[in-house]
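Engineer: Please see the structure below; I have some questions.
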Amino acid sequence: MRNRKFRNGGFSFVGALIFLTIIALIIQIAVLIYDYIIQRTDDKGLIAVLMLVVIVILSLICTVIDWIRRKITIDRPVKRILEATEQIASGDFSVRLDIEGPYGRYSQYEVIMENINVLAAELGKSEVLKTDFIANVSHELKTPLAVIQNYAMLLQDEGLDGETRKRYAKTLTQAAKRLSDLITNILKLNKLENQEIKPEFEKINLTETLAQTVLSYEDWIESKKLELNCDFDDVLIVSAPSLLEIVWNNLLSNAVKFTEEGGRISVSLKAENGKAVVRISDTGCGISPETGVRIFEKFYQGDTSHAGEGNGLGLALVKKVIDILGGEISVNSAIGKGSTFTIVLKGVVNE
Ligand SMILES: Nc1ncnc2c1ncn2[C@@H]1O[C@H](COP(=O)(O)OP(=O)(O)O)[C@@H](O)[C@H]1O
Ligand SMILES: [Mg+2]
């Protein structure tokens, strides 16, 4: 829409032609009237007065014609633009101006109108995102807060036996951790989105860092009796380790979380054509195609049975990091069979 043809500086060839024709017509009428008068009288004074009257009347006609022209070509679009901007200023972003350039040509006013339409649509979108975000955060805050409130009350009962007291305290700690994880993730995502976290690139041994992250999940993997397969090439890469950590941790924790006891987790690292390809697979619950298109959205949780163990921000963070690093992420999954997340990163230096 921005390269649409529009009349430069409000100049229109058709408009100018009409204006010239009117002037020519008026001069022609004045000449004819002058001709008519001098045939009927020789009185120079009378001719002068009559011609003055004629010129005043013709000037008035010209002024009225110009006034109508201005009304149509300037005042009308300006009024519409004014009304639309007032509507936007009052917080109504549903405004859309109807743009009909005559003969497929657009005046600058119509280009402004089209820009106002785009502006209103964009403002409307960010307004929806903002209210959705606030609703999601409030919802995510409420659940653990309710748990904390309830269990703090229960703990006040002096007759509780040691075992129950321990159990309640554990639930309280878990709810507090959920709150703090949520806030950490929101702040991290916010910083990434506002470009407050600048990736600090350095040469890293991807094989080593990936192996270390996988190892940190050993206890959890063992407790769920999962089989773990790792297949790592030696890969040195220039990338941002603190950002990559977010990726591996979220993908691995999802793989373990969404896989039932006795399942299998596989992690592989390959160097292909100067790029590092990391695949994290599991034999867990899998993702349906409808869920698959939404998993990278903020706060989206597909599998409600695990909703209490996360806040739906993990993959949004992962996607943001991958975008910042200029990499790619894709997911291949089938319900009940498992999922494979594939990450492609540039910057391999040892191929
Ligand atoms: N490995 C996986 N297996 C099955 N579903 C997954 C997997 N990883 C992500 N998902 C789906 O994507 C959703 C979003 O993931 P994420 O952003 O990490 O949120 P969370 O883990 O907090 O639920 C999950 O709720 C789940 O439905
Ligand atoms: Mg997660």
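As numbered in numbering that gives the first Met the number 0, residues 0 to 350 make up the sequence shown, in order. Don't be surprised by glycine CBs; every beta carbon is placed ideally from N, CA and C. Just so you know, these numbers come straight off a predicted model, no measurement behind them.
Heavy atom of ligand 2 less than 7 Å from the Cβ of Gly-313, yes or no?
Structural biologist: As a position in the sequence shown, residue 313 is number 314, starting the count at 1. Yes, Cβ of Gly-313 sits closer than 7 Å to a heavy atom of ligand 2.
Engineer: How many angstroms separate the CA atom of Gly-283 from the CA atom of Asp-302?
Structural biologist: For this step, residue 283 is matched to residue 284 along the sequence shown. For this step, residue 302 is matched to residue 303 along the sequence shown. Rounded to the nearest angstrom, the two C-alpha atoms are 11 Å apart.
Engineer: What separation, rounded to the nearest whole angstrom, lies between the Cα atoms of Gly-311 and Lys-165?
Structural biologist: For this step, residue 311 is matched to residue 312 along the sequence shown. For this step, residue 165 is matched to residue 166 along the sequence shown. Rounded to the nearest angstrom, the two C-alpha atoms are 29 Å apart.
Engineer: For the alpha helix (DSSP H) holding Arg-95, just list the boundary residues, first then last.
Structural biologist: The count along the sequence shown starts at 1 and reaches residue 95 at position 96. From DSSP, Arg-95 is part of no alpha helix (DSSP H); its letter is neither H nor E.
Engineer: Since Lys-269 sits in a beta bridge, which residues does DSSP pair it with?
Structural biologist: Within the sequence shown, the letter at position 270 stands for residue 269. According to DSSP, which records beta bridges pairwise, Lys-269 is partnered with Val-276.
Engineer: Have a look at Gly-337, Gly-335, Lys-318, His-138 and flag the residue whose alpha-carbon is nearest the alpha-carbon of Val-343.
Structural biologist: Here residue 343 refers to the residue found at position 344 of the sequence shown. Closest by alpha carbon: Lys-318.
Engineer: Name the DSSP bridge partner or partners of Ala-333?
Structural biologist: Translated into the one-based positions of the sequence shown, residue 333 becomes position 334. In the DSSP output, where bridge partners are listed per residue, Ala-333 has Gly-337.
Engineer: Could you tell me the alpha carbon to alpha carbon distance between Asn-173 and Thr-183, rounded to whole angstroms?
Structural biologist: Here residue 173 corresponds to residue number 174 of the sequence shown, with the count starting at 1. Here residue 183 corresponds to residue number 184 of the sequence shown, with the count starting at 1. Here residue 173 turns out to be Gln, not Asn, going by the sequence shown. Cα to Cα, the separation comes out at about 15 Å.
Engineer: Go ahead and pull the three-state DSSP assignment for Ser-137.
Structural biologist: Within the sequence shown, residue 137 is the residue found at index 138, counting from 1. Looking at Ser-137 - three-state DSSP - the assignment turns out to be helix.
Engineer: Contact criterion: CB-CB distance below 8 Å. Does Ser-238 meet it with respect to chain D?
Structural biologist: Protein chain content of the structure displayed is limited to a single chain, and chain D is not contained in it.
Engineer: Under three-state DSSP, which class holds Phe-12?
Structural biologist: For this step, residue 12 is matched to residue 13 along the sequence shown. Three-state DSSP puts Phe-12 in a helix.
Engineer: Under the criterion of a Cβ to heavy atom distance below 7 Å, does Ser-252 qualify as lining ligand 2?
Structural biologist: Indexing the sequence shown from 1 puts residue 252 at position 253. Within the cutoff, so yes.
Engineer: Would DSSP call Ile-286 helix, strand or coil?
Structural biologist: As a first step, residue 286 is located in the sequence shown; it is residue number 287 there, counting from the start. The answer is coil: DSSP assigns Ile-286 none of H, G, I, E or B.
Engineer: Taking the straight line between their C-alpha atoms, what separation do you get for Ile-220 and Gln-86?
Structural biologist: On the sequence shown, residue 220 is found 221 positions in, with the first residue counted as 1. On the sequence shown, residue 86 is found 87 positions in, with the first residue counted as 1. Looking at the two C-alpha atoms, the distance is approximately 57 Å.
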